[in-house]
Amino acid sequence: MLVQILNGLVYGGLLYIVSVGLVLIFGLRRIVNFAHGSLFMIGAYIGFSVAAMGGFWGAVLAAAVVMGLVGALLDLTVFQPLRRQDPIVTVLVTFGLLMVLEDFAQTVWGKDYLKMPVPPMLSGSVSIFGDSFPIYRLLVIVVAGAVALGLSIWLRASKIGLYVRASSVDPFTTAMQGVNTDRVSVVVVALGTALAGLSGTISAPLLALSPSMGSYILIESFIVVVVGGLGSFVGAFVAAIVIGQVHNIGLVYLPWAATMIPFVLMVVVLIWRPTGIAGSHV
Amino acid sequence: MRPNDAASVRAMPLRSAPARPVVAAAVAAATVAIAALIAKTVQSELVMTLLTQAVITAILATGVGFLIRQNGVVSFGHAAFYGIACYTIVLCLRNGIASPELAIVLALIVPTAVAFLLGLVIVRIPGIAFSMLTLAVGQACFEFAMKARQVTGGEDGLSINLPAQIFGMPTTWFQSAHSMFVISWGILAVIVVGLWYVAESPFGLLTAAIRENEERARFIGYATTLPRVLVLALSAFVVAVAGVLFTLYNIFVSPGVLHWSLSGSALIMAIIGGTRVIWGPTLGAIVYFFAKDLAGDVTEHWQAIIGLILIAVMLVAPAGLGGALAKLWPGSKTDG
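Top to bottom, those sequences are chains A and B. All residue numbers for the first sequence refer to my numbering, where the first residue is 1 and numbers rise by one. All residue numbers for the second sequence refer to my numbering, where the first residue is 1001 and numbers rise by one.
Here it is, written out as structure tokens:
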């Protein structure tokens, strides 16, 4: 039973790291990046390639740094120039980017499934109250926890964090107080996409790599963000943990319905609270 | 939802052209005559197959575009309604639930009813959250069709046998690209004219007003939820028509008809063609299919190309090709 809960935490943790990137960008920019899943996918492939040459930690670092730079570029070339347009224009542009990035991954790494080995130093298992559990999966939980902790400290303690929180509650009043969100958005979007790249590499040893893995994780993280309440960091955290558990329990006890359960959960939550568990605003 | 945002895909004048129902019907009839002429002169089976697919998908794109036009929200999940229509026919016939005629009627009713009920929950969700939700709901239907192997055949799909006649028409008409092209085009023309009537009617103007400013429409005493639910149901009905035609033409259905990539392509056609004019998505679908065919001969990177085209249209001409054309000849072809 404990192992099942831990497995749920692994998946929930990964979902959290991907989703919180979306929440960060939405909080500041009021847009949802439909290419976020593709950035996760590219991050996984970069991790796969770098791990083969420079070891696992090098791969994690490389994926996060490269995707961070891609995020900065994305903000400067797409989000900022389009900031006066209807947000749906930006959404459709990121949808176009999704198609380009999938094609790119297919060209560089091929259509076939790739498998990244678990790094040798983390390949063992530990015994937890008599059950054995892979060390690598524990590491994923630890990383997700560290990201959650680091991010909440950053959001509470730094000036940029203050702007992001203020803007996610009320962008209009925030702008009236003299906050120029464009100034800080490069950093925020870069951080959000770096988290997508980081989670891509970390999940690579657990998932099969394919160009279409991006849209799968995109839809799952949309469910997390919508259930949690668009723009809410706490909501995304709670929703990711819950959906991780529900997903895993489903896999064990109702395998034929496992992929459906998060969708059902989402519909139920939306009927109950149309703006998500933590949402008072959309 | 800034009403003065001219560059927005959603913003447009409330009344695009004076009502000219006779002209609209005449233009539509003329295009059907042209379609019949094309079917008569073009011998190539390949070209006709391409055209037939383009027209059926154009009906799908028209449904997606109408939702954008009237409700101002972008759906990434309309393949769900299309696929539900396909599976309704196939499941009714394979399990002997209904005659082919009744199955077709049910295939039009079921997705419309599903959209209506779903709409009661989701139309109040604004903008981007609506897009995310429709993507997730659409994908839930795809996952269900993949997993429920006993019912849907899973990934392998299901095929059907049709009787020799449906609604008194020989079934061979539906399976030959030449005749199916003319049938589908005729239905598309009826749908475009019908939707144009709806858009010009008081109901259409009310939904446009709600799209521009929901709060004000509510303040002057209109119920604002039900009209939007009805628009969603109507757009699902149009999409269901496309699903029925697809099933009659292919007599085979697989979960691919529910996949988000089909919703995405239909959306891209609607955006490329433009949604300010009802016939924009049709134009977009035809351009899409021929560009895909041409690009397919030259390069394997079709997906990247269409992605770049989408980006370019959004940046340069958010009103799409139809919007750009309508601007060139003001008032001339906003009806057919």
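Every residue gets a Cβ at the ideal spot worked out from N, C-alpha and C, and that includes glycine. Every value quoted in this text rests on a predicted model; they were computed, and no experiment measured them.
Using a Cβ-Cβ distance cut-off of 9 Å, determine whether residue i contacts chain A.
i	result
Leu1315 (chain B)	yes
Gln1053 (chain B)	no
Ile1309 (chain B)	yes
Met1012 (chain B)	For Met1012 (chain B), the predicted model reports a pLDDT of 47, less than 50, meaning its position is unreliable; a value from the coordinates is still stated below. It does not; no Cβ of chain A falls within 9 Å.
Val1239 (chain B)	no
His1078 (chain B)	no
Val1074 (chain B)	yes
Ala1007 (chain B)	With a pLDDT of 41 at Ala1007 (chain B), under the threshold of 50, the modelled position of that residue is not reliable, and the figure given next carries that caveat. Interface residue, yes.
Ile1210 (chain B)	no
Ile1271 (chain B)	yes
Met1001 (chain B)	For Met1001 (chain B), the predicted model reports a pLDDT of 40, less than 50, meaning its position is unreliable; a value from the coordinates is still stated below. So yes, Met1001 (chain B) belongs to the interface.
Pro1281 (chain B)	no
Pro1170 (chain B)	no
Is it true that the CB of residue j sits closer than 9 Å to the CB of residue i?
i	j	result
Gly96 (chain A)	Met1269 (chain B)	no
Gly13 (chain A)	Leu191 (chain A)	no
Leu198 (chain A)	Gly43 (chain A)	yes
Glu220 (chain A)	Val10 (chain A)	no
Phe1144 (chain B)	Trp1260 (chain B)	no
Ala1240 (chain B)	Ala1098 (chain B)	no
Val1229 (chain B)	Leu1120 (chain B)	yes
Gly8 (chain A)	Asn180 (chain A)	no
Gly88 (chain A)	Val1074 (chain B)	Per the sequence presented here, residue 88 (chain A) reads as Ile, with Gly not at that position. Yes, the pair counts as a contact, with Cβ atoms nearer than the cut-off.
Phe104 (chain A)	Ala204 (chain A)	no
Val147 (chain A)	Tyr136 (chain A)	no
Leu251 (chain A)	Lys115 (chain A)	no
Ala35 (chain A)	Leu74 (chain A)	yes
Thr1112 (chain B)	Leu1195 (chain B)	no
Ile1166 (chain B)	Ile1104 (chain B)	yes
Gly1153 (chain B)	Ser1263 (chain B)	no
Does any residue of chain B have a CB that is nearer than 9 Å to the CB of residue i?
i	result
Val282 (chain A)	Note on Val282 (chain A): pLDDT 42, under 50, position unreliable in the model; the coordinate value appears next. By this cut-off, Val282 (chain A) is an interface position.
Val226 (chain A)	yes
Asp182 (chain A)	no
Met266 (chain A)	yes
Gly244 (chain A)	no
Gln80 (chain A)	no
Ser185 (chain A)	no
Gly161 (chain A)	no
Gly12 (chain A)	no
Phe40 (chain A)	no
Ile88 (chain A)	yes
Phe233 (chain A)	no
Met213 (chain A)	no
Val91 (chain A)	yes
Leu76 (chain A)	no
Met99 (chain A)	yes
Mapping DSSP to helix, strand and coil, what is residue i?
i	result
Asp131 (chain A)	strand
Phe1076 (chain B)	coil
Val126 (chain A)	strand
Ile1097 (chain B)	coil
Pro1013 (chain B)	The pLDDT assigned to Pro1013 (chain B) is 47, lower than 50, so where the model puts this residue is not dependable; a value taken from the coordinates is nonetheless given after this. Coil, per DSSP.
Met1159 (chain B)	The amino acid at residue 1159 (chain B) is misidentified as Met; the sequence shows Ser. Looking at Ser1159 (chain B) - three-state DSSP - the assignment turns out to be strand.
Ile88 (chain A)	helix
Gly1323 (chain B)	helix
Met1169 (chain B)	strand
Leu1267 (chain B)	helix
Val238 (chain A)	helix
Val1151 (chain B)	helix
Leu1133 (chain B)	helix
Val1042 (chain B)	coil
Leu114 (chain A)	strand
Leu1294 (chain B)	helix
Val1253 (chain B)	strand
Leu209 (chain A)	strand
Shorter than 9 Å from the beta carbon of residue i to some beta carbon of chain C?
i	result
Pro171 (chain A)	In the structure shown, chain C does not exist; the protein chains are A and B.
Near-chain A residues of the segment 1110–1138 of chain B (beta-carbon distance less than 8 Å), N- to C-terminal order: From the segment 1110–1138 of chain B, only Val1121, Ile1122, Arg1124, Ile1125, Pro1126, Gly1127, Ile1128, Ala1129, Ser1131, Met1132, Leu1133, Leu1135, Ala1136, Val1137 have a Cβ closer than 8 Å to chain A.
Under 7 Å, CB to CB, which of the residues in the segment 1138–1168 of chain B have a partner in chain A? Answer set for the segment 1138–1168 of chain B: Gln1139, Ala1140, Glu1143, Phe1144, Lys1147.
Threshold first: 4 residues or longer. Then list the alpha helix (DSSP H) segments lying entirely within the segment 1187–1236 of chain B, N to C. Those alpha helix (DSSP H) runs which fall completely within the segment 1187–1236 of chain B and span 4+ residues are 1202–1212, 1214–1219.
Contact list for the segment 1243–1269 of chain B against chain A, Cβ threshold 9 Å: For the segment 1243–1269 of chain B, which is checked against every Cβ of chain A, the residues closer than 9 Å are Trp1260, Ser1261, Gly1264, Leu1267, Ile1268.
Entirely within the segment 26–75 of chain A and at least 4 residues each: give me those alpha helix (DSSP H) ranges in chain order. Complete alpha helix (DSSP H) runs here, min 4: 36–54, 56–74.
Members of the segment 1289–1305 of chain B that neighbour chain A once the beta carbon cut-off is set at 7 Å: Of all residues in the segment 1289–1305 of chain B, His1301, Gln1303, Ala1304 have a Cβ within less than 7 Å of some Cβ in chain A.
Between the segment 102–121 of chain A and chain B, which residues of the former have CB atoms less than 9 Å from a CB of the latter, in chain order? The segment 102–121 of chain A vs chain B, Cβ under 9 Å: Glu102, Asp103, Phe104, Gln106, Thr107.
Just by C-beta distance, which residues in the segment 244–262 of chain A are closer than 8 Å to chain B? Result list: Trp256, Ala257, Thr259, Met260.
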